[in-house]
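In this note's numbering, the protein residues as written are 1247 to 1653.
Even glycine gets a Cβ: it sits at the ideal position worked out from N, Cα and C.
Just so you know, these numbers come straight off a predicted model, no measurement behind them.
Take a look at the structure below.
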């Protein structure tokens, strides 16, 4: 996931093996396979945080199986750093919508309208959403005068069956008492049938709830509009009936996977094509060849991104170039990540970029973002309290100054 302008020069590095950041005094040839080092631009030897004051610029490099396989970045200038951040692996989660408080009449048609959009629908339909309609007809009431209240369990069950047939969405049925409870267990078909019989034989007010989930990996095709690539951008449910009953609730919003191996491998391909303009990577029939890739498509990554302004000079003028380094660290390699953030928290201080060690410590392979978000909120609260304290002191000083002036 880019956190910088991808049109400016950039380099992606892949340390591996959860190795510590190289100790001071090494040159590139001495790096172990997968080891990453931070090098002085003065003598091309590795340094640690203690040497930062005497090193206005550094570069990074990773070792490979052979010296020729090592990979390095361009220089990063300490006083012109303008981007430093850590992006943890984030697991995807499906959007879940629940329909509760359903009522039903016999001999009525009910429509479940599920609207969605994805990258493909945007390309095909523009801003208009694609919609899938699921129709349910409730049973007739033989021998009845008029049409009494129908069996809402029948309505829920038929909708559950129809929606699951689409292979586009996942429908589940839950007991009324479990409405809103994401940890609850869905009802089996036998349990739903038992509720149906109960509703037929007695006054029944505990109509079960219908829960619908949209997952990118479950998406197939619906209404001839592909919804597979890359993910749902939106997904909503409308329950159409004449009785104006039923409540639609969003239980969980979609969260798309980020920093997966496939995504990072795509970033690496973009970087390699940028460096070579693509021309040397194709043979006569147009197929890729000789692309030396280091990413693991099955891994989950934490990305550490660094951006600096690099000075350049010509005969008549000087100018600045933006340069970016992305370090892709497998999510379990906490030793490597901790060592890098400990160094760059200090290195980026002159530019007042926020330290990233706390965020890095919250990263994990489960993609748990709650811990990071909680920490971020706590930091905002803490900063707000500091601002309030400062404002209080300023107000106090202004009051005292005004009192002195009045004398």
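> Can residue 1503 and residue 1338 be called in contact, C-beta distance under 7 Å?
Replying inline: yes
> With a CB to CB cut of under 7 Å and the five nearest residues on each side skipped, what residues in its chain are close to residue 1273?
Replying inline: 1290, 1291
> For residue 1518, which of 1590, 1541, 1382, 1336 has the nearest alpha-carbon?
Replying inline: 1541
> Can you name, in chain order, every residue of its own chain whose Cβ lies under 8 Å from the Cβ of residue 1301, other than the five neighbours on each side?
Replying inline: 1286, 1287, 1288, 1293, 1324
>> Give me, in chain order, the residues of the same chain whose beta-carbon lies closer than 7 Å to that of residue 1415; leave out the 5 immediate sequence neighbours on both sides.
In response: 1360, 1409, 1458, 1459, 1460
> At least one CB of chain C closer than 7 Å to the CB of residue 1275: is that the case?
Replying inline: Absent here is chain C; the protein component of the structure consists of one chain.
>> Taking the beta carbon of residue 1666 as the centre, do at least 16 other beta carbons fall within 10 Å, making it buried, or is it exposed?
In response: The question about residue 1666 has no answer here: the residues shown for the chain are numbered 1247 through 1653.
>> Measuring straight from C-alpha to C-alpha, what distance separates residue 1608 and residue 1505?
In response: 15 Å
> Is DSSP giving residue 1245 helix, strand or coil here?
Replying inline: Here the chain covers residues 1247 to 1653 and nothing more, so residue 1245 does not appear.
> Helix, strand or coil: how does DSSP classify residue 1279 here?
Replying inline: strand
> Just to confirm, are residue 1548 and residue 1583 a CB contact at a threshold of 7 Å?
Replying inline: yes
> Going along the chain, which residues of its own chain have a beta-carbon closer than 8 Å to the beta-carbon of residue 1602, five neighbours each way excluded?
Replying inline: 1330, 1331, 1332, 1550, 1587, 1590, 1591
>> Please classify residue 1654 as buried or exposed, where buried requires at least 16 neighbouring CB atoms within 10 angstroms.
In response: Since the first residue shown for the chain is 1247 and the last is 1653, residue 1654 is missing from the structure and cannot be characterised.
>> Which residue wins for smallest C-alpha separation from residue 1498, given the options 1543, 1452, 1429, 1318?
In response: 1429
> Which residues in the same chain have their Cβ closer than 8 Å to the Cβ of residue 1578, if we skip the five residues on either side of it in sequence?
Replying inline: 1264, 1611
> So residue 1491 packs on residue 1357, CB below 8 Å; how close in whole Å?
Replying inline: With 8 Å as the limit, residue 1491 and residue 1357 do not qualify as a contact, their Cβ atoms being about 14 Å apart.
>> Measuring straight from C-alpha to C-alpha, what distance separates residue 1350 and residue 1439?
In response: 17 Å
>> So, for residue 1401: in the same chain, excluding its five sequence neighbours on each side, which residues have a beta-carbon less than 7 Å away from its beta-carbon?
In response: 1348, 1350, 1356, 1382, 1384
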